[in-house]
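Student:
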Amino acid sequence: MTGRWRALLRLFAVQGTWNYERMLGVGMGYAAEPLLEDLKTVDPVRHGEAVVRSSEFFNCNPNLAGLALGATARAEYEAVPGPQIARLRTALCSPLGALGDQLFWAGLLPALLGAVLAATVLGGGWWAIAGFLIAYNVARLATGIWSLRTGLEAGMRVGSAISSSWVPRAVAWVSPVAGFTVGLAIPLLAAWYLKAFGAVGAVGALAVAATGVAVTRWFGPSLTSVRFALLAMALLLFFRWAGL
Amino acid sequence: MSELPLYATLLLIVWGTAVALDLVSVPQVMIARPVVAGAVAGLLTGDVEAGLRVGVLFELFALDVLPIGAVRYPDYGPATVAATALASGAPWELGLGISAALGLLLAALGGWSLMMVRRSNARAIQRHAAALAAGESRAIRRLQYGGLLRDAARGAALTVLGLVLAWSIAQFVHFDRRTAVGLTLVAIGSALAAIIGGAVRSAGRGTRLKWMVAGLVVGILLVVLR
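As you go down the protein sequences, you meet chains A and B in turn. At position 188 of the first sequence the residue is numbered 188 (the working numbering), and the sequence of numbers has no breaks. One rule links them: number in the working numbering = place in the second sequence (from 1) + 244.
(1) Measuring CB to CB, does residue 103/A end up less than 8 Å from residue 171/A?
(2) Specify, as a first and last residue, the run of the alpha helix (DSSP H) that residue 17/A falls within.
(3) How would you list, in chain order, the residues of chain A whose beta-carbon sits under 7 Å from the beta-carbon of residue 381/B?
(4) Residues in the stretch 253 to 264 of chain B with C-beta within 9 Å of chain A's C-beta atoms, listed in sequence order?
(5) Return the bridge partner residues of residue 23/A from the DSSP annotation.
(6) Does any C-beta atom of chain A lie closer than 8 Å to the C-beta of residue 350/B?
(7) Residue range of the alpha helix (DSSP H) that residue 421/B falls in?
(8) Of the residues 359/B, 277/B, 351/B and 251/B, which one's Cα is nearest the Cα of residue 17/A?
(9) Since residue 399/B and residue 265/B should fall inside the 8 Å C-beta cutoff, what is the C-beta to C-beta distance between them, to a whole number of angstroms?
(10) Check whether the stretch 424 to 442 of chain B touches the stretch 176 to 193 of chain A, taking contact to mean three or more Cβ pairs, one atom from each stretch, closer than 8 Å.
(11) Suppose you measure from the CA of residue 333/B to the CA of residue 342/B; what does that come to, to the nearest Å?
(12) Quick one: which chain B residues come within Cβ less than 9 Å of residue 4/A?
(13) For a contact meaning CB atoms closer than 7 Å, what does residue 15/A contact in chain B?
(14) Can a CB atom of chain A be found closer than 8 Å to the CB of residue 324/B?
(15) Taking the straight line between their C-alpha atoms, what separation do you get for residue 134/A and residue 146/A?
(16) Run through chain B and tell me which residues come within less than 9 Å of residue 216/A, C-beta to C-beta.
(17) My parser needs the alpha helix (DSSP H) runs of 4 or more residues fully inside the stretch 291 to 338 of chain B; what are they?
(18) Return no unless some Cβ of chain B is closer than 8 Å to the Cβ of residue 124/A.
(19) Sorted by chain position, which residues of the same chain lie with C-beta nearer than 7 Å to residue 82/A's C-beta, five sequence neighbours on each side aside?
(20) Please determine whether the Cβ atom of residue 279/B lies at a distance below 7 Å from any heavy atom of the ligand ADP.
(21) Can you find the residues in the same chain that come closer than 7 Å, C-beta to C-beta, to residue 318/B, ignoring five residues on each side of it along the sequence?
(22) Taking its Cβ as the centre, do 16 or more other Cβ atoms sit within 10 Å of residue 44/A, making it buried, or is it exposed?
(23) For residue 30/A, which residues in chain B fall below 7 Å Cβ to Cβ?
(24) Using a Cβ-Cβ cut-off of 8 Å, state whether residue 18/A counts as contacting chain B.
(25) Using a cut-off of 9 Å between C-beta atoms, extract the partners of residue 283/B located in chain A.
(26) Can you name, in chain order, every residue of its own chain whose Cβ lies under 8 Å from the Cβ of residue 28/A, other than the five neighbours on each side?
(27) Quick check: what's the CA-CA separation for residue 204/A versus residue 282/B?
(28) Quick check on residue 272/B: does DSSP put it in helix, strand or coil?
(29) Quick one, which of 408/B, 246/B, 277/B and 404/B has its alpha-carbon nearest residue 114/A's?
(30) Can you pull the chain A residues whose beta carbon is under 7 Å from the beta carbon of residue 432/B, in chain order?
(31) Chain B partners of residue 21/A, CB-CB under 9 Å?
(32) Taking the C-alpha atoms as reference points, what is the distance between residue 74/A and residue 160/A?
(33) When DSSP labels each residue in this structure, what does residue 3/A get in the three-state scheme?
(34) Keeping to the same chain, check which residues put their C-beta closer than 7 Å to that of residue 324/B; ignore five residues upstream and five downstream.
(35) How far does the alpha helix (DSSP H) with residue 454/B in it reach, from first residue to last?
(36) Verify the CB distance criterion: does residue 184/A have a CB-CB separation below 8 Å to chain B?
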C-alpha cells in the first residue's frame, strides 16, 4: 500500500468539508484516496465500493482520525465484507471522539495554553508563543503518524490496539497538568491586566468577574461568557450615557 | 487605531483568512488561537503590546469553550486581528475595552458564519450525492476543495468587515477617559469570569480540581513575590 504520507498530509484537512450530515465523512474520503489507489488495479469494483464507504458519515477527533482511516483501508485490502467495515467505522466514532477530545481539546491544548499565558505574562513573549506552537505541533504530528501506522497495522483489531496503547494513559496524565497550568495562569493574568488601574479599578474588575462566574453558571448555556461581556459593556455604556 | 499602510492592511487580511481557516478546516496548527493571532497581528500593525493584550484577553474567552463535535463556538481568529488593529497605537488601558467589544461581536458573527459554511457544505454534498454514491474520487476532491474555498472566503470577509468596522470606530466613536477605562475593566472582568468558569467546569471534582487549586496557590505566590 502506497500513499501513506499523502494520506497523512490530507488528514491535516480532514475537517475541510465539515457539515451536519456526514461530519468528517468527505474529509475522510479525501484522505483515504491515496491509500486506496493500489486497490484500483487489483480490484476495481472493490475500489469503487471502498471509495463510497470512505466518504460516508464519520465523526471523531481529527487528531486520531488516522486510526480509523488506516484500519478501514487495511480492511478494504483484506477484502473484509463491506457491512463489517461500515460497522467498524461507526463503532470507532465514539471512542476516538472521546479519547481525542480529552487528550487534545481538554488536556494538551489547555495545558500548553495555560503555560504560554503564564510565560507571556512573566516576559516570555515570542519565545513562549513559539514554544507553544512547536510543542503542540510536534505532539500532534507524532500522534498523527502513530495513528495512521497503528490503524494500518491493526486493521479490524484496531479497538484492542487503541485500548492497550499510550492514549488512555496520556489522557489521565495530561488532565491534571492542564488544571495546574490554567490555575497558575489565572492570578498572573489578573495581576498583569489590573496593576495598571489601582485598587479601585482592580476591585471593580474582580466584581465583574465574580458576577460573570455566578450568572453564567446560573443561566447555563443561554448566557455564554461572550454574551455576558457584551451585556455588561452595554450596561456600562447605558449608565455612562445616563450620567451615572 | 494607527494609520496602516496598504501592504499592512493586505497582510492583516491574509493573516485573518489564514487564522479563520486554521480554526477548523486546515491545517489546525493553532495559529487560530487568539494569543498567536493577536501577537502576529500586533507585529503587522507595529504594536506588539496591543496584539498581546488583545490576544491574551480573547484567549481567556476561548479557553471557556471546548470545540467538541458539533458544538457551536465563536471564531476568535479574525476577531482578534480586527480588534488588534483597532487597539494598536493607543494606550492599551484606554483602547482594550472598545476593541474587545468589537472583537466579541465579530467572534459571535464568526461562529454564525461557520455554521453557514457547514450548511453550505451539506448542500454541496447533496448536489454531488449521485457522484459520491458512484464512488467518484473526483467528486470527493471537488467537495473538499469547495469546502476549503468557502471557509477561506468566510475568513477573508470577516477580516475585511472587522477592519472596516475598526476604522469606522476609530474615526467616529470617541469615549471620555472614564468610559474607555470602564469598558476595559469590564472586558478584563468578563474575560476572567470566562476562564474561571471554564476551568472550574473542566476540573469537575476530581484530581484536576486539586491540581487547579495548587496552580492557583502557586500563581498567587508568584504575584505576591514579584
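Built from N, CA and C at the ideal position, the CB exists for glycine as well. On a predicted model such as this, the values are computed, not experimentally measured, just so you know.
Tutor: Reading from the atomic positions:
(1) yes
(2) From DSSP, residue 17/A is part of no alpha helix (DSSP H); its letter is neither H nor E.
(3) 33 and 51
(4) none
(5) 58/A
(6) no
(7) 421 to 447
(8) 359/B
(9) 6 Å
(10) yes
(11) 14 Å
(12) Those do not exist, as residue 4/A stays about 17 Å from chain B at its closest Cβ, beyond 9 Å.
(13) 268 and 269
(14) no
(15) 18 Å
(16) 308, 437, 438 and 441
(17) 292 to 306 and 320 to 331
(18) no
(19) 49 and 53
(20) Looking at this structure, you won't find the ligand ADP or any other ligand, since it has none at all.
(21) 351, 352, 354 and 355
(22) exposed
(23) 384, 385 and 388
(24) yes
(25) 120, 125, 126 and 129
(26) 14, 54, 55, 58, 65, 68 and 69
(27) 26 Å
(28) coil
(29) 277/B
(30) 193, 194 and 205
(31) 365, 366, 369 and 370
(32) 16 Å
(33) coil
(34) 278, 281, 282, 285, 298, 299, 302 and 347
(35) 451 to 469
(36) yes
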